[in-house]
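Numbering (our numbering), first residue to last: 1 to 344. Single-structure report; data block below.
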Ligand code: ADP
Ligand code: CIR
């Protein structure tokens, strides 16, 4: 394997941190599951417009390829390799009254966490048979959920294209054919082993074997962030009684993309901010201050539509779940205040 050819205008964290020295140091390394440097960097090499450009194949990737992954983790999360990660899933520690009780700005709120089973490699390196076993373990665990979390598992295999498309358009289901995941090896054997679980109201959902083996999601219309967080933490606690997730005290919950490590949590609102949207410098000054990320309304790498944005916490590691949600809440309060001011 030769040093990859990055275009001159490449801005990914991969391109920045894969120096020729780091490349030489890592090019012949392999984890016990056989994950190589070529596997880790393929997504960012094939897609030079990546923001990050790397995916881990297993937990050990984070130690074997630390000379590349540590600086990426440090730059994304502001987390030093000597730091430890702490968890706090107690909704009572959150101070998040609805920032928009009149429902003028916030359309919906969604909080998700990524999780992976301790007993298997991560999605980029998992074998087909292991993925199917993971699906079976997860769908069995989901069967025991009760009350508002009770629902059904719907495998992607056999789902009609109409139903699938409607679930994607309504923001409930992952999209298909993502080129970043494709190059990371995460779409192998698609659609087998993939699926979605949801309750009747679609306020609690679990994605199975997409970018991570589980994405546990709580969502609803409006801006009651605490209610969404409470539902999610109840679900996480129930699922942890039945499944053992990959976790360590340094990196928190282990995920295939290093941006998701730690809490693996993304707390977001879909919010109407047309005036801020017309003044991106002011918009970005606020999102930077509160460590927020702006996405389009059809998920990552999509564009905004009609002045509606997806606003979420950017940091996930080295802060607790409560702090991640608090970042989002406080930033959204500031954004609404500025939007009202600009409207005048
Ligand atoms: P993820 O959050 O799981 O990393 P994406 O950014 O791709 O991934 O978003 C997944 C889906 O969730 C997309 O359809 C997106 O529109 C939807 N979504 C995200 N935040 C919200 C929200 N606050 N309300 C409704 N849908 C949302
Ligand atoms: C990229 O590098 O752009 C994709 N692999 C996605 C990275 C995850 N993005 C993020 O900000 N959470």
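C-beta atoms are modelled at their ideal positions from N, C-alpha and C, and glycine is treated no differently.
For this session: Could you pull out every unbroken alpha helix (DSSP H) segment of at least 4 residues lying fully inside the region 174-236, listed in chain order?
Result: If we require 4 residues or more, the alpha helix (DSSP H) runs fully inside the region 174-236 come out as 179-183.
Problem set entry | Nearest neighbour of residue 37, chosen from 52, 66, 189, 49 [CA to CA] | 66
Exercise. Does the region 308-322 come within contact of the region 174-187, defined as at least 3 CB pairs closer than 8 Å?
Worked result: no
For this session: Compute the Euclidean distance between the alpha carbons of residue 15 and residue 28, then round it to the nearest angstrom.
Result: Looking at the two C-alpha atoms, the distance is approximately 19 Å.
For this session: Return yes when at least one heavy atom of the ligand CIR lies under 8 Å from the C-beta of residue 259, else no.
Result: yes
Exercise. My guess is that residue 322 and residue 77 are in contact by the Cβ rule of under 8 Å, so how many angstroms apart are they, rounded?
Worked result: So it is not a contact: roughly 16 Å between Cβ atoms.
For this session: Look at the alpha carbon of residue 224 and the alpha carbon of residue 21, and state the distance between them as a whole number of angstroms.
Result: 49 Å
Problem set entry | the ligand ADP heavy atom lying under 8 Å from the CB of residue 109 | Yes, the beta carbon of residue 109 sits closer than 8 Å to at least one heavy atom of the ligand ADP.
Problem set entry | Check whether residue 142 and residue 154 have beta carbons under 9 Å apart | no
For this session: Grab the span of the beta strand (DSSP E) containing residue 267 for me, first residue to last.
Result: 265-272
Problem set entry | Segment limits, alpha helix (DSSP H) that includes residue 62 | 61-64
Problem set entry | Reduced DSSP category for residue 243 - H, G, I as helix; E, B as strand; rest coil | The answer is coil: DSSP assigns residue 243 none of H, G, I, E or B.
Problem set entry | Rounded C-alpha distance that separates residue 56 from residue 278 | 37 Å
Problem set entry | From 325, 209, 3, residue whose alpha carbon lies closest to that of residue 136 | For residue 136, the closest of 325, 209, 3 by C-alpha to C-alpha distance is 209.
Exercise. Residue 23 to residue 53, Cα distance in whole Å?
Worked result: 15 Å
Exercise. For residue 145, which of helix, strand or coil comes out of DSSP?
Worked result: coil
For this session: List the whole-angstrom C-beta distance separating residue 96 from residue 289, where the pair is believed to meet the contact cut-off of C-beta under 8 Å.
Result: That belief does not hold up - the Cβ atoms of residue 96 and residue 289 are roughly 18 Å apart, past 8 Å.
Problem set entry | Chain-order list of residues whose beta-carbon lies under 6 Å from that of residue 168 (same chain, five-residue window excluded) | 175
Exercise. Considering only C-alpha positions, which residue in the set 299, 243, 254 is nearest to residue 268?
Worked result: For the residues 299, 243, 254, the minimum Cα distance to residue 268 belongs to 299.
Problem set entry | Boundaries of the alpha helix (DSSP H) in which residue 113 is found, first to last residue | Per DSSP, residue 113 belongs to no alpha helix (DSSP H); it is in the beta strand (DSSP E), 106-115.
For this session: Drop a sphere of 10 angstroms on the beta-carbon of residue 343, count the other beta-carbons inside from all chains shown, and report buried for 16 or more, exposed for fewer.
Result: exposed
Problem set entry | Beta-bridge partners of residue 313, as assigned by DSSP | 292
Problem set entry | Where residue 308 sits in the DSSP three-state scheme | strand
Exercise. When burial is assigned at 16 or more other CB atoms within 10 Å of the CB, is residue 8 buried or exposed?
Worked result: exposed
Exercise. Apart from the five residues just before and just after residue 48, which ones in its own chain have a Cβ nearer than 8 Å to its Cβ?
Worked result: 6, 7, 10, 12, 15
Exercise. Which residues in the same chain have their Cβ closer than 7 Å to the Cβ of residue 348, if we skip the five residues on either side of it in sequence?
Worked result: Because the chain in this structure spans residues 1 to 344, residue 348 falls outside the shown range and cannot be described.
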